């Protein structure tokens with residue numbers, strides 16, 4: 001059996017109420033011929049007569065009288081379904097899944113989540129760790145199917161996704177006092193001679209990271225390759241190794257401000273700068289709760305003066 005069309009059923013209800021093709025045609029804005037054709041389509045699909053066309057005024061057959069309450073119920077349930085879908089799209093209620101690197105999550109907890117949940121108290125937020133893997137910084141990051149919003153230091157390799165650049169982040173070189181005294185340097189180029197705790201995401205070669213050091217006054221850029229025997233995709237593990245004096249490491253000062261054993265050692269006129277992206281699917285495919293959260297997160301990150309940790 002072919003599927004009944006809601007439009008045809010609604011026309012049938014109107015005809016049953018007006019008992020007139022001409023009045024229903026005016027109510028709905030169709031011709032009488034179109035009204036008659038819709039009713040005929042319902043009758044053909046069901047294989048039984050519903051309207052007594054010969055009567056004046058026209059009326060329902062016995063079967064039509066029996067069918068009428070079921071049609072009303074079916075239309076009501078259909079309307080409720082679409083209303084539920086529209087409300088789901090247009091209300092910031094439900095779950096939003098945010099993926100981010102582990103090193104950024106303290107920043108999200110301090111700066112982004114409190115105002116987000118204050119503005120949208122009906123939201124539930126899941127934060128999932130999504131660290132960059134081998135060479136992701138160069139080849140692009142993957143976007144998980146269950147992810148709504150991805151915050152990353154690398155754009156996606158899927159060009160159908162949208163990547164909004166929201167911040168430029170300054171990184172520094174960190175070490176313990178003892179390690180820095182044992183491995184001194186005065187220029188970024190000299191760092192290539194000293195051991196580093198490496199980041200997997202920036203390891204285009206097996207045990208090498210390449211960092212671009214920018215001089216803030218002149219915008220002069222020096223590309224320096226550093227090497228080491230340790231490489232991690234989790235920044236917190238790298239921090240623990242750095243605390244043990246096992247090498248220099250590159251990170252955001254905000255992340256390490258409470259780690260007393262490690263200090264920034266770059267001359268103040270130099271810095272390593274990377275971009276921070278908010279990544280998401282096409283807005284037309286996003287529920288309203290995700291659109292609302294996305295817009296507010298972008299606003300908060302773009303206007304926040306703090307450096308996002310890396």
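In UniProt numbering, the protein residues as written are 1 to 310. Beta carbons are placed, not taken as given, at the ideal position from N, Cα and C, and that holds for glycine. Here the structure is a predicted model, which is why all the values come from computation and not from measurement.
Taking all protein chains shown into account, decide if residue i is buried (16 or more other Cβ within 10 angstroms of its Cβ) or exposed.
i: residue 143; result: buried
i: residue 207; result: exposed
i: residue 209; result: buried
i: residue 11; result: buried
i: residue 292; result: buried
i: residue 213; result: buried
Apart from the five residues on each side of it in sequence, which residues of its chain come closer than 7 Å, Cβ to Cβ, to residue i?
i: residue 236; result: 102
i: residue 304; result: 111
i: residue 215; result: 269 and 270
Is the CB-CB distance between residue i and residue j below 8 Å?
i: residue 153; j: residue 123; result: no
i: residue 294; j: residue 250; result: no
i: residue 2; j: residue 45; result: yes
i: residue 274; j: residue 171; result: yes
i: residue 42; j: residue 79; result: no
i: residue 115; j: residue 256; result: no
i: residue 282; j: residue 162; result: yes
i: residue 179; j: residue 245; result: yes
Output needed for residue i: all residues of its chain with C-beta closer than 6 Å, excluding positions within five of it in sequence on either side, in chain order.
i: residue 196; result: 226, 228, 247 and 248
i: residue 99; result: 128, 130, 147 and 150
In the structure shown, what three-state DSSP assignment does residue i receive?
i: residue 198; result: strand
i: residue 210; result: strand
i: residue 288; result: helix
i: residue 203; result: coil
i: residue 103; result: helix
i: residue 215; result: strand
i: residue 150; result: strand
Please list, in chain order, all residues of the same chain as residue i whose beta carbon is under 8 Å from its beta carbon, the five residues on each side excluded.
i: residue 117; result: 123 and 125
i: residue 298; result: 164, 166 and 278
i: residue 19; result: 57, 58 and 59
Check the DSSP bridge columns for residue i and list the partner residues they point to.
i: residue 263; result: 175
i: residue 156; result: 141
i: residue 276; result: 167
i: residue 126; result: 97
Measure from the C-beta of residue i to each C-beta in chain B and report whether the shortest distance is under 8 Å.
i: residue 288; result: Looking for chain B here will not work: only one protein chain is present.
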